[in-house]
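Peer 1: Order-wise, the sequence lines are chains A and B. 0 is the number of the first residue of the first sequence in numbering that gives the first Met the number 0; add one for each residue after it. 0 is the number of the first residue of the second sequence in numbering that gives the first Met the number 0; add one for each residue after it.
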Amino acid sequence: MAKITPEDLGRIREKMARTMNLRDGGARAKITVHMGTCGIAAGARKIMSALLGLVEQKGAEDIVVTTSGCAGLCSREPMMTVEIKGQAPVKYVDLDEEKTGRIFSDHVLSGKVVEEYALAVGSERVA
Amino acid sequence: MKPYRTHVMLCAGTGCVSNGTYKIKDALERELEKHDLQNEVAVVMTGCNGFCAQGPVAVVKPDEVFYQLLTEDAIPHLVEEHFLKGRPVQKLMYTPPAEKTPVPKMSDIGFFGKQRLVALRNRGMIDPEQIDEYIARGGYTALVKALTEMTPTQITGEIKRSGLRGRGGAGFPTGKKWELAANAKRIPKYLVCNADEGDPGAFMDRSIIESDPHSVLEGMIIGAKAIGASHGYVYIRNEYPLARERLIKAIQQANDYGLLGNDIFGTDFDFAISIQQGAGAFVCGEETSLIASLEGRAPEPRIRPPFPVEAGVWQAPTNINNVETWANVPEIINKGAKWFAGIGTETSKGTKVFSVVGKVKNTGLVEVPMGITLREIVYDIGGGIIGDKKFKAVQTGGPSGGCIPESLLDLPIDYEKLAEVGSIMGSGGLIVMDEDTCMVDVARYFLEFLKDESCGKCTACREGIDVMHGILARICEGNGDEGDIELLEELAEAVKDASLCALGGTAPNPVLSTIRYFREEYQSHIKDKTCPAGVCKALITFSIDEEKCKGCRLCAKNCPQEAIAGQAKEVHTIDQDKCIKCGVCADVCKFEAVLVA
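1) Can you give me the C-alpha to C-alpha distance between V64 of chain B and L118 of chain A, rounded to a whole angstrom?
2) So which residues of chain B does M19 of chain A contact, with C-beta pairs closer than 9 Å?
3) For A117 of chain A, does the three-state DSSP call read helix, strand or coil?
4) 8 Å is my cut-off, CB to CB: does K84 of chain A come that close to chain B?
5) Here's a check: name, in chain order, each residue in its chain whose Cβ is nearer than 6 Å to the Cβ of S210 of chain B, leaving out the five neighbours to either side.
6) Do I272 of chain B and G231 of chain B have their CB atoms nearer than 8 Å?
7) Count the C-beta pairs between the stretch 100-115 of chain A and the stretch 48-56 of chain A that are closer than 8 Å, then say yes if the count reaches three, no if not.
8) Determine the contact status of I674 of chain B and S426 of chain B, defining contact as a CB-CB distance below 8 Å.
9) Using a Cβ-Cβ cut-off of less than 7 Å, give me the residues of the stretch 429-445 of chain B that come near chain A, in sequence order.
10) Measuring only between beta-carbons, confirm whether P103 of chain B sits less than 8 Å from chain A.
11) Mind checking whether M8 of chain B and V88 of chain B have CB atoms under 8 Å apart?
12) For the structure I just gave you, are there three or more beta carbon pairs, one from the stretch 164-177 of chain B and one from the stretch 310-320 of chain B, closer than 8 Å?
13) Could you tell me which whole beta strand (DSSP E) segments of length 3 or greater appear in the stretch 320-360 of chain B?
14) Show which residues of chain A have a CB atom less than 7 Å away from the CB atom of E39 of chain B.
15) Using a Cβ-Cβ cut-off of 8 Å, state whether F339 of chain B counts as contacting chain A.
16) Taking only three categories from DSSP, how would you classify C475 of chain B?
17) At a Cβ cut of 7 Å, what residues of the stretch 55-74 of chain A count as close to chain B, listed as they run along the chain?
18) Per DSSP, what kind of secondary structure is T36 of chain A in: helix, strand or coil?
19) Check whether the stretch 281-289 of chain B and the stretch 253-262 of chain B are in contact - that is, three or more C-beta pairs closer than 8 Å.
20) With 16 other CB atoms within 10 Å as the buried threshold, where does K33 of chain B fall?
21) Report the option in B:L31, B:E520 and B:I220 whose CA atom is closest to the CA atom of I474 of chain B.
22) Within a Cβ cutoff of 6 Å, which residues of the same chain sit near V92 of chain A, ignoring the five residues on either side of it in sequence?
23) If contact means a Cβ-Cβ distance below 8 Å, which residues of the stretch 141-152 of chain B contact chain A?
24) Look at the alpha carbon of K111 of chain A and the alpha carbon of F82 of chain B, and state the distance between them as a whole number of angstroms.
25) Quick one: is K580 of chain B buried, meaning 16 or more other Cβ sit within 10 Å of its Cβ, or exposed?
26) May I ask which residues mark the beginning and end of the alpha helix (DSSP H) holding M496 of chain B?
27) With the cut-off set at 8 Å, would you say E196 of chain B and D204 of chain B are in Cβ contact?
28) Please specify which runs of the alpha helix (DSSP H), each continuous and at least 4 residues long, are wholly inside the stretch 9-65 of chain A, giving them in chain order.
29) In the DSSP assignment, what residue or residues form a beta bridge with E82 of chain A?
30) Which of the three DSSP states, helix, strand or coil, is assigned to L364 of chain B?
31) Is there a C-beta anywhere in chain A that falls below 8 Å from the one on Y256 of chain B?
32) Run down chain B in chain order and give the residues with a C-beta less than 9 Å from the C-beta of K90 of chain A.
33) For L604 of chain B, which residues from the same chain have a beta carbon less than 6 Å from its beta carbon, with the 5 sequence-adjacent residues on both sides left out?
34) Less than 8 Å between CB atoms is the rule here; does K2 of chain A satisfy it with respect to chain B?
35) Just list the residues that DSSP pairs A392 of chain B with in beta bridges.
36) Rounding to the nearest angstrom, what Cα-Cα distance links P300 of chain B and G170 of chain B in this structure?
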């Protein structure tokens, strides 16, 4: 490894941004794929792989992809929730790889909610 | 770089490693592969997480779920539930002593909630063996600032204004120390990182190096620029193999990146760091002994002046700071003296790392703001006393420190307050003691340690500690005489006055502080020939309470000497001739029928 300059420190930080965002909660957007038994049976693993592929392909360092359990609406799986920092979360239902790709480019990258695939805006209230 | 959706931050500090972290790592990787998740979930080995009592521990990111007491058997279920199906596993979570339901998130656990991380800012957040992860968290930006935007005087001024004081024990103002070194005329100058943490039960410095070695290196390079040093040594004890290994890797990486070596960041500043291994002698915490050992001589202190800043390593001007002090430096340069001085008390700024051990529920490594009370550390962070017994005392500062009683639990911790009550900050060891601890025995224990660790140069220390230890041992054996307490006090003054270094100078502290706060306990041993805490074997007998004994035979079955007689459902008796006072009977009895007096 060659000697680095002060500017290289910034480049290393950029390169590592996604790794660190995942750990310190600093991401611009978080995509949660619901991976209950129902979600997995309906193909959530494929959605997850597609998302991780898209993140890598676009070099989207400020996006975190994660999982959670069943979202409670098993008949509409696979589902995912997109949260852009500072905005209400949006739940998408009946997903396939193609829809996932559109949501990723329109909503996650460009900030435009894909209404036709969305179930609702917002989350349940936690008592 | 391939994106992962989950990072499992698995603790690889020495505590968790001894508890089998690497087996957990293998099991995790095996199970992840089984479910084809190895490209989605990464296992990251971190430095000490701090919650050593619950090890091996792991924090799952980004969910922030804290898992504890991990076993290989639990891993298949964990991987399938949490990483495949997204359902965190409750039974592997931490349940606070006073509560019934587990707390999933790390930030909601009291042990972590009250902490404020400065020196340990990256602990558990990075893989300490990856320099890029340190840089990703803002690492080496303070170095850029110090080398390209600040003059040496400005760097020293910033550290002075921050109020940072030596974290190794004495609490000397760091900026002042740097200024003296910067003003020294002769070159070359040396800089030393004291990583010879010698207090029994202390592991702050080890954990800092293990979890974030680059923070120490960056602090040293900035310090070197400030004082004009060309070479730095890390003096580390042989007993810290993992810390040394990570340090060696970190130095190699910093060399490769040109953060050490010649013309750092294109400035004409050159600095190199090498590691010097010590053999783990307590006296090497003392600066002049450390220098002697570093040069290959027997570690004996010498008269000061000349101070190391005038004639240190190889007789050159030398500046020595401890690991934790160095780790604070980059944060102060980055965030400013004002920010640092805003934390803490009037005289003691910033935070302090403590290793909390002894009879407390949550043993581990904590970093708290100066001025926090002992009560907050013992009860809020430490979770209280094991078995909900009564708190008796806390020993701060290791063998050179003193015991602080319950009446002073609300004492805000800083350098001055601890000195006022007869103890010291020391390097930050906190040993919590409960009602079953005999304070005379504690004093005897520490003096036994110091007797062995005295280098033998000064007669008062060499002979005085030995004689004091002899008196304490005699008292514990039931052979104490009237006047022993006064004799101990007199000897203590002599040892303090006539010793060259701080080892002798502080050695009587455990004796003096226990006499000060627990004099009646000494008197019970000497006059009544009893040990109120039931510890000193020569002064206690075990017997069975006829009223409470149910005749369950449990004590008899567990007695290694077969000293307990009695049929089932009949009151048992202990044969005093056979009894070796091991206390097993009292430990196993479910009816509190074994009396210790």
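Glycine residues also receive a C-beta, built at the ideal position from the N, C-alpha and C atoms. None of these values were measured; they are calculated from a predicted model.
Peer 2: In short:
1) The sequence position of residue 64 of chain B within the second sequence is 65, counting from 1. The sequence position of residue 118 of chain A within the first sequence is 119, counting from 1. The alpha-carbon separation between V64 of chain B and L118 of chain A amounts to approximately 28 Å.
2) On the first sequence, residue 19 of chain A is found 20 positions in, with the first residue counted as 1. What M19 of chain A touches in chain B, judged by beta-carbon distance under 9 Å, is M124, I125, E132, A135 and R136, going in chain order.
3) Counting from one through the first sequence, the residue named residue 117 of chain A turns up at place 118. The answer is strand: DSSP assigns A117 of chain A an E or B state.
4) Sequence index remark: in the first sequence, residue 84 of chain A carries index 85 (1-based). Chain B, which has no Cβ nearer than 8 Å to the Cβ of K84 of chain A, makes this no.
5) In the second sequence, residue 210 of chain B corresponds to position 211, counting from 1. Apart from sequence neighbours up to five positions away, the residues of its chain that approach S210 of chain B with a beta-carbon distance below 6 Å are G46, C47, R122 and P127, ordered along the chain.
6) Locating residue 272 of chain B in the second sequence gives position 273, counting from the first residue. Locating residue 231 of chain B in the second sequence gives position 232, counting from the first residue. In this structure, G231 of chain B lies closer than 8 Å to I272 of chain B by Cβ.
7) Touching, yes, given that three or more Cβ pairs across the two stretches are closer than 8 Å.
8) Since the first residue of chain B shown is 0 and the last is 596, residue 674 of chain B is not available in this structure.
9) Close to chain A, meaning a Cβ-Cβ distance shorter than 7 Å, is no residue of the stretch 429-445 of chain B at all.
10) Along the second sequence, read from residue 1 onward, the residue named residue 103 of chain B stands at position 104. With 8 Å as the cut-off, P103 of chain B does not count as an interface residue toward chain A.
11) As a first step, residue 8 of chain B must be located in the second sequence, where it is residue number 9. As a first step, residue 88 of chain B must be located in the second sequence, where it is residue number 89. No, the pair does not count as a contact, with Cβ atoms beyond the cut-off.
12) With a cut-off of 8 Å, the stretch 310-320 of chain B and the stretch 164-177 of chain B count as touching, because enough Cβ pairs lie within range.
13) Fully enclosed beta strand (DSSP E) runs of 3 or longer: 350-357.
14) Residue numbering aside, residue 39 of chain B sits at position 40 when the second sequence is read from its first letter. For E39 of chain B, the neighbours in chain A by C-beta distance under 7 Å run, in chain order, M47 and L51.
15) As a working mapping, residue 339 of chain B is identified with position 340 in the second sequence. Chain A, which has no Cβ nearer than 8 Å to the Cβ of F339 of chain B, makes this no.
16) Counting from 1 along the second sequence, the entry for residue 475 of chain B is found at position 476. DSSP places C475 of chain B in the helix class (H, G or I) of the three-state scheme.
17) For the stretch 55-74 of chain A, the set of residues with a beta-carbon nearer than 7 Å to any beta-carbon of chain B comprises E55, V63, V64, T65, T66, S67 and G68, in chain order.
18) As a first step, residue 36 of chain A is located in the first sequence; it is residue number 37 there, counting from the start. Helix.
19) Cβ pair count under 8 Å is below three, so no.
20) Within the second sequence, numbered from 1, the residue matching residue 33 of chain B stands at position 34. Result: exposed.
21) Mapped onto the second sequence, residue 474 of chain B falls at position 475. Nearest C-alpha to I474 of chain B: B:E520.
22) In the first sequence, counting from the first residue as 1, residue 92 of chain A sits at position 93. Taken in chain order, the residues that qualify are R75, M78 and L118.
23) Listed by position, the residues of the stretch 141-152 of chain B near chain A (Cβ gap below 8 Å) are V143 and T147.
24) Within the first sequence, the letter at position 112 stands for residue 111 of chain A. Within the second sequence, the letter at position 83 stands for residue 82 of chain B. If you draw a straight line from the Cα of K111 of chain A to the Cα of F82 of chain B, it comes to about 30 Å.
25) Position 581 of the second sequence, counting from 1, holds the residue named residue 580 of chain B. Flag for K580 of chain B reads buried.
26) Translated into the one-based positions of the second sequence, residue 496 of chain B becomes position 497. The sequence shown places Asp at residue 496 of chain B, not Met. Per DSSP, D496 of chain B belongs to the alpha helix (DSSP H) from D483 to A497.
27) Here residue 196 of chain B refers to the residue found at position 197 of the second sequence. Here residue 204 of chain B refers to the residue found at position 205 of the second sequence. Less than 8 Å separates the beta-carbon of E196 of chain B from that of D204 of chain B.
28) Within the stretch 9-65 of chain A, the complete alpha helix (DSSP H) runs of at least 4 residues are 16-23, 36-40 and 43-57.
29) Start at 1 with the first residue of the first sequence, and residue 82 of chain A comes out as number 83. When DSSP reads this structure, E82 of chain A sits in a beta bridge with A:K29.
30) On the second sequence, position 365 is the one that residue 364 of chain B refers to. Correct three-state label for L364 of chain B: strand.
31) To locate residue 256 of chain B, count along the second sequence from 1; it is residue 257. So yes, Y256 of chain B belongs to the interface.
32) In the first sequence, counting from the first residue as 1, residue 90 of chain A sits at position 91. When 9 Å is used as the limit between beta carbons, K90 of chain A is near no residue of chain B, the shortest such separation being about 15 Å.
33) Not covered by the structure: residue 604 of chain B. The range shown for chain B is 0 to 596.
34) Residue mapping note: residue 2 of chain A aligns to position 3 of the first sequence, counting from 1. Cβ-Cβ to chain B under 8 Å: yes for K2 of chain A.
35) Indexing the second sequence from 1 puts residue 392 of chain B at position 393. Paired residues: B:P404 and B:M432.
36) Residue mapping note: residue 300 of chain B aligns to position 301 of the second sequence, counting from 1. Residue mapping note: residue 170 of chain B aligns to position 171 of the second sequence, counting from 1. Cα to Cα, the separation comes out at about 19 Å.
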